[in-house]
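Numbering (UniProt numbering), first residue to last: 1 to 337.
Note that the Cβ used here is the ideal one computed from N, Cα and C, for glycine as well.
All values reported here derive from a predicted model rather than from experimental measurement.
Working notes for the structure below.
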């Protein structure tokens, strides 16, 4: 038994779960692990094993407490040893919106529920709460640093060589020309990975029917970010026309806001997210997790849809010069041995 396995076993024993049945759950692109643990009374809880408690588990607990206080459904923390990066949390079951959609449920009601959660979150979250929680600020500087992953990881895989210093500087300049305006509007709690894999349907009334998970990287940022994350999903196509319907639903909830400014923010933040995700998928492929490359054509389709908009002109010009259409998904990613 490894040292970590012994640490987890001791944690479970301290909470009355010595020798309990444990079932690994499917993970995501992070280093976190989850297990479903059967309790003595036949119920289940979720074991959370995270290797970075200071950056991960502690904010998850603090942000979850705030979301719960604001009226949203988050998993209750049943026990935690934050310094060790281990916790037990309420089991929300398996009903992610992804699984419900895959099982044939109608998409529109599920996406409307997820959209309405963002509407209410952006109404209810007090911006001053961000300081108390010590949340990161998702501002132009942070987004520009994050999108640089594309220059560092994707471009060498696409061209077989690192970007020159000048080309990398031009990449940053192009983004700096468009990102600040996208961050200038209303701000709220930005959940960061808000999509149908991270929303669950629960047998609860109203918005509490949406169970929220995976919000440990939340911060304060522009309101359009989570909506574009939901509606332009890197791993799932929405039914034709639904994105526009849901955008209208969200915007109708805030009639006094500048609709054109929101549209521009949505486009730029979408481009940022798609560009960074393309780089993350390549990085995962280089770590022998090549399954993510299956989603690259969708990511490029979404990104190119945003690059075609006038607010992205400087970035689109950089892509046209350094990675023209037709070459963008041609990658040098070694096959695993």
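The C-beta of residue 23 has fewer than 16 other C-beta atoms within 10 Å across all chains shown, which makes the residue exposed. The beta carbon of residue 178 sits closer than 7 Å to the beta carbons of 268, 311, 312, 314 and 315 from its chain, once the five residues preceding and following it are set aside; these are given in chain order. In the structure shown, residue 24 adopts extended strand secondary structure according to DSSP, grouped into three states. With a 10 Å radius around the Cβ and a threshold of 16 neighbouring Cβ atoms, residue 294 comes out exposed. In the DSSP assignment, residue 81 falls within the beta strand (DSSP E) that extends over 77-81. Secondary structure in the segment 78-115: the alpha helix (DSSP H) runs of 4 residues or longer, each lying completely within the stretch, are 97-102 in chain order. Annotation for residue 136: 219 place their beta carbon closer than 6 Å to its own, counting only its chain and skipping 5 residues before and after.
Annotated three-state conformation of residue 128 is coil, per DSSP.
Around the CB of residue 1, fewer than 16 other CB atoms lie within 10 Å, so the residue is classed as exposed. For the pair residue 262 and residue 66, the Cα-to-Cα distance works out to about 26 Å. In this structure, 155 is the residue among 155, 240 and 266 with its C-alpha nearest to the C-alpha of residue 329.
Minimum Cα-Cα distance from residue 184 among the listed residues 139, 158, 215 and 147 corresponds to 139.
Per DSSP, the unbroken beta strand (DSSP E) holding residue 34 starts and ends at 33-38. In this chain, the alpha helix (DSSP H) harbouring residue 314 covers 313-322. Cβ atoms of residue 80 and residue 51 stay farther apart than 8 Å, at about 15 Å. Between the segment 35-49 and the segment 90-99, the count of Cβ pairs shorter than 8 Å is three or higher; the stretches touch. Judged by beta-carbon spacing, residue 189 lies within the 8 Å limit of residue 125, meaning their Cβ atoms are closer than that value.
For the pair residue 195 and residue 97, the Cα-to-Cα distance works out to about 9 Å. Counting C-beta pairs with one atom in each stretch, the segment 264-280 and the segment 146-161 have three or more that are closer than 8 Å, which means they touch. Its chain contains 49 as the residues whose beta carbon lies nearer than 8 Å to that of residue 4, once the 5 sequence neighbours on both sides are disregarded; these appear in chain order. DSSP places residue 49 in no alpha helix (DSSP H) but in the uninterrupted beta strand (DSSP E) bounded by 44-49. For residue 212, the enclosing beta strand (DSSP E) covers residues 210-212. Check the Cα spacing between residue 63 and each of 215, 254 and 251: the tightest is with 215. Taken in chain order, the complete alpha helix (DSSP H) segments of 4 or more residues contained in the segment 195-260 are 224-231 and 242-252.
For residue 73, the secondary structure class from DSSP, reduced to helix, strand or coil, is strand. Distances from the CA of residue 173 to each of 305, 318, 301 and 265 were compared; the closest alpha carbon is that of 318. A distance below 6 Å between beta-carbons, with the five flanking residues on each side excluded, links residue 289 to no residue of its chain. Secondary structure within the segment 155-198: the beta strand (DSSP E) runs of 3 or more consecutive residues, fully enclosed, are 187-190 (chain order). Our two residues, residue 99 and residue 264, have alpha carbons roughly 32 Å apart in a direct line. CA-to-CA, the gap between residue 320 and residue 76 works out to about 48 Å.
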